[in-house]
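In what follows, a structure is listed as structure tokens, so that the remarks can point back to it.
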Amino acid sequence: MTDRINPVEKLEKIMEQLADSVLELSDEALLAEITESGADPQQEAERTRSLLRHAARPQEVDQRLANAGDTTISNYSRTGKGLSR
Amino acid sequence: MDQIHSELPPDEPSSEALRLAIDALRLAFKERPQLQESFWVLVHSILGPADQTPPANVPTRTSAPCSDVGSPQDAIHPVVDNSSSDLMEIEPIIPNDVQKPTVDERDCSAGTVVPAPLQAPLPRWSVLPPMDSPIPMNGRNKSALVIEFIPSLSRMFTAFLKSDHYLVRTAFQSEDALRLYRDCGPFEVVVIDYRMPTKNGVDIALDILKQDPTQPMIIIAPDYRSEVEVPRRKELMSVPFLLDMRNSRFRKVLDELQPWATREEVYRAITELTAGELLKLRKYGEGRVCLSRGTDHRTGDDLLQEALRLTLEGKESGGNGRRWNKRVTFVTFLIQAMRSITRRRKDDNALLACDTFKDDVEGQEYCLFDHVSASDRNQFFGYASWEYEMAADQRLIAEETWNGILEQFKDAPEALFVLRGWSKGMTKKEIMQQGLSENQYRATVRRIRMKLLGPTNGGGGGEKHDGQD
Numbered sequence: 007m008t009d010r011i012n013p014v015e016k017l018e019k020i021m022e023q024l025a026d027s028v029l030e031l032s033d034e035a036l037l038a039e040i041t042e043s044g045a046d047p048q049q050e051a052e053r054t055r056s057l058l059r060h061a062a063r064p065q066e067v068d069q070r071l072a073n074a075g076d077t078t079i080s081n082y083s084r085t086g087k088g089l090s091r
Numbered sequence: 119m120d121q122i123h124s125e126l127p128p129d130e131p132s133s134e135a136l137r138l139a140i141d142a143l144r145l146a147f148k149e150r151p152q153l154q155e156s157f158w159v160l161v162h163s164i165l166g167p168a169d170q171t172p173p174a175n176v177p178t179r180t181s182a183p184c185s186d187v188g189s190p191q192d193a194i195h196p197v198v199d200n201s202s203s204d205l206m207e208i209e210p211i212i213p214n215d216v217q218k219p220t221v222d223e224r225d226c227s228a229g230t231v232v233p234a235p236l237q238a239p240l241p242r243w244s245v246l247p248p249m250d251s252p253i254p255m256n257g258r259n260k261s262a263l264v265i266e267f268i269p270s271l272s273r274m275f276t277a278f279l280k281s282d283h284y285l286v287r288t289a290f291q292s293e294d295a296l297r298l299y300r301d302c303g304p305f306e307v308v309v310i311d312y313r314m315p316t317k318n319g320v321d322i323a324l325d326i327l328k329q330d331p332t333q334p335m336i337i338i339a340p341d342y343r344s345e346v347e348v349p350r351r352k353e354l355m356s357v358p359f360l361l362d363m364r365n366s367r368f369r370k371v372l373d374e375l376q377p378w379a380t381r382e383e384v385y386r387a388i389t390e391l392t393a394g395e396l397l398k399l400r401k402y403g404e405g406r407v408c409l410s411r412g413t414d415h416r417t418g419d420d421l422l423q424e425a426l427r428l429t430l431e432g433k434e435s436g437g438n439g440r441r442w443n444k445r446v447t448f449v450t451f452l453i454q455a456m457r458s459i460t461r462r463r464k465d466d467n468a469l470l471a472c473d474t475f476k477d478d479v480e481g482q483e484y485c486l487f488d489h490v491s492a493s494d495r496n497q498f499f500g501y502a503s504w505e506y507e508m509a510a511d512q513r514l515i516a517e518e519t520w521n522g523i524l525e526q527f528k529d530a531p532e533a534l535f536v537l538r539g540w541s542k543g544m545t546k547k548e549i550m551q552q553g554l555s556e557n558q559y560r561a562t563v564r565r566i567r568m569k570l571l572g573p574t575n576g577g578g579g580g581e582k583h584d585g586q587d
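Taken in sequence, the protein lines are chains A and B.
Counting from 1, position 69 in the first sequence corresponds to residue 75 in the numbering used here; the numbering is continuous, with no gaps.
Counting from 1, position 346 in the second sequence corresponds to residue 464 in the numbering used here; the numbering is continuous, with no gaps.
Dropping the structure here:
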């Protein structure tokens, strides 16, 4: 008898259950699992934090650059140097 | 008027017929404003003077907007929602709506003595009615209290809030509203009609604020054109007043009441995440993509970063930007964001796959485009051939990954049992009913997790996984 479920779908369902199983774990159980797998939980946690900070950073930098640009342009306008045609 | 009346069917008018009648009345009032007053005189002469409350959007010169005459209904009603949110677009000029539930419309012929509608009490609930909502209680649900004495308006607000995933309670009387608030409050939002009888909307709002000064509220005051005109507006300066009854306006005011996190609060939340929360987020992200990397090339880290990036983009930038509503924890929000991102991609893939693969008469699967040239595909189906090739590739890779997983767990029959159950969409309970104890299930899931999300399988190091050991 052939298995008629699409393999892509099968994997999607497994991933969903696998991810949800993580949510059912207590912090202690999760830490124990990570330690058992040979990783340092504290290090892994900080790596994730820095990952999030990194994801947040570009916009922060963009914002600062944009603000700096505004300041520069307004300074130029005030002093009358530049931006005049 | 005769013409309008003749449009109504002899028995109970349908909502469509009522809508037509309202539209016709609205047009007639616009053309001849004096007709409006004559209409209300006629309505009062037929239905009796029991309720002096002005109808929803008909400003009257004779009665104050905060009239405290009459007590429309003496019960808290469960929400019976048969209306859709687009009713918001209909101006609420349903005449004497308050009477509607108690008046037998077949008896509404001229000359018939209709008992005063307020004398026929609606059934009272011995206990509070249950929350009526099609949505299961989860992190997404929000609660709202609608304090509105006009049933059609109450239904309208309820329908609108429900469409926005609110669980809604309604009260038709100020006393009931305050009791309901005391027993069930606080709510995410309380919607109050300014013209509530017995106790004015402002007084109800002030009473609620005494119980919880932070309670978000909206006061509905459609009788006024500007906030300056609204009496006692200054007593509630922090509460938004809704004068314009359009959907978009209501949505905007509702949205402004939500506790959306600022960018700084998101940064702070990242700093405040505990080690356990960070690890949970990471593992969850890994779990959501660990078996699709062959086609997706995305790791759990990527998924987590995408969720955060979309959060910081916010809704303003358009696209798929998200906002963190602080009603839920930051961790829950990020998990929901990751879930939503992967589901969206999954839906895209499913759409592509279902167009491409079919079963033949013997039940064997085949690709519709196996024997069709790329140019023909483009010509007849309007799709680029690479999309079909991608769908076919994805399927092939998924097949290999699935076989790889079976190989990985060939010595663990329980793990294979659980994995097969999961792949068929079975729940934990359903799998356990097939002969696994709770402990066995947990241990098996742990084993699967360790293997598929462990560092050797790319879970810890962000390596690509192709389904093979």
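We put the beta carbon where it would ideally sit given N, CA and C, even for glycine.
Given residue i, which residues of its chain have a CB within under 7 angstroms of its CB, disregarding the five upstream and five downstream residues?
| i | result |
| --- | --- |
| B:Trp158 | none |
| B:Phe275 | Val264, Glu266 and Val309 |
| B:Arg567 | none |
| B:Val384 | Thr429, Leu430 and Trp442 |
| B:Met92 | Any question about residue 92 of chain B goes unanswered here, given that chain B covers just 119 to 587. |
Mind checking which residues open and close the beta strand (DSSP E) that includes residue i?
| i | result |
| --- | --- |
| B:Val264 | Lys260 to Ile265 |
On the DSSP letters alone, give me the boundaries of the alpha helix (DSSP H) that residue i sits inside.
| i | result |
| --- | --- |
| B:Asn443 | Element bounds for B:Asn443: n/a, residue is neither H nor E. |
| B:Ser541 | Pro531 to Ser541 |
| B:Glu404 | Ala393 to Val407 |
| B:Ala379 | First-last for B:Ala379: undefined, no H or E at that position. |
| A:Leu31 | Counting along the chain, A:Leu31 falls outside any alpha helix (DSSP H), and DSSP gives it neither H nor E. |
| A:Asp46 | No alpha helix (DSSP H) holds A:Asp46; DSSP gives it neither H nor E. |
| B:Ile549 | Lys546 to Gln551 |
| B:Thr429 | Gly418 to Glu431 |
Sorted by chain position, which residues of the same chain lie with C-beta nearer than 8 angstroms to residue i's C-beta, five sequence neighbours on each side aside?
| i | result |
| --- | --- |
| B:Val407 | Asp414, Arg416, Thr417, Gly418, Asp420, Leu421 and Thr460 |
| A:Val14 | none |
| B:Arg400 | Gly418, Asp419 and Leu422 |
What is the DSSP secondary structure of residue i, counted as helix, strand or coil?
| i | result |
| --- | --- |
| B:Phe275 | helix |
| B:Phe451 | helix |
| B:Phe359 | strand |
| B:Tyr342 | coil |
| B:Leu285 | strand |
| B:Gly572 | coil |
| B:Ser410 | coil |
| B:Ser366 | helix |
| B:Arg567 | helix |
| B:Val348 | coil |
| B:Phe527 | coil |
| A:Asn12 | coil |
| A:Ile40 | helix |
| B:Pro151 | coil |
| B:Ile515 | helix |
| B:Met255 | With a pLDDT of only 40 at B:Met255, under the threshold of 50, the placement of this residue in the model should not be trusted; the figure read from the coordinates follows. Residue state, collapsed to three classes: coil. |
| A:Ile20 | helix |
| B:Asn156 | The sequence given here has Ser at residue 156 of chain B, not Asn. Three-state result, B:Ser156: helix. |
| B:Ile388 | helix |
| B:Leu138 | helix |
Among residues of its own chain, excluding the 5 on either side of residue i, which ones have a beta-carbon nearer than 6 angstroms to its beta-carbon?
| i | result |
| --- | --- |
| B:Tyr284 | Lys260 and Ala262 |
| B:Ile212 | Only weak support exists for where B:Ile212 lies, its pLDDT of 36 falling under 50; the coordinates are left without a value. |
| B:Thr562 | Glu532, Ala533 and Val536 |
| B:Asp330 | Pro304 |
| B:Ser272 | Val264, Glu266 and Thr288 |
| B:Ala339 | Tyr312, Val348, Phe359 and Leu361 |
Cβ of residue i versus every heavy atom of the ligand FMN: is any distance shorter than 8 angstroms?
| i | result |
| --- | --- |
| B:Val308 | What this structure holds is no ligand at all, so the ligand FMN is not there to describe. |
Three-pair Cβ contact test at 8 angstroms for the region 420 to 428 of chain B versus the region 351 to 360 of chain B: no
Entirely within the region 287 to 338 of chain B and at least 3 residues each: give me those beta strand (DSSP E) ranges in chain order. 307 to 311 and 335 to 338
Just checking, does the region 394 to 410 of chain B make contact with the region 338 to 351 of chain B on the three C-beta pairs under 8 angstroms criterion? no
Could you tell me whether the region 546 to 561 of chain B touches the region 512 to 530 of chain B, using the rule of 3 or more Cβ pairs below 8 angstroms? no
Could you tell me whether the region 54 to 62 of chain A touches the region 439 to 448 of chain B, where touching means 3 or more Cβ pairs closer than 8 angstroms? no
Does the region 313 to 329 of chain B come close enough to the region 370 to 382 of chain B to have 3 or more Cβ pairs within less than 8 angstroms? no
If you pair each beta-carbon of the region 25 to 34 of chain A with each one of the region 526 to 540 of chain B, do three or more pairs fall below 8 angstroms? no
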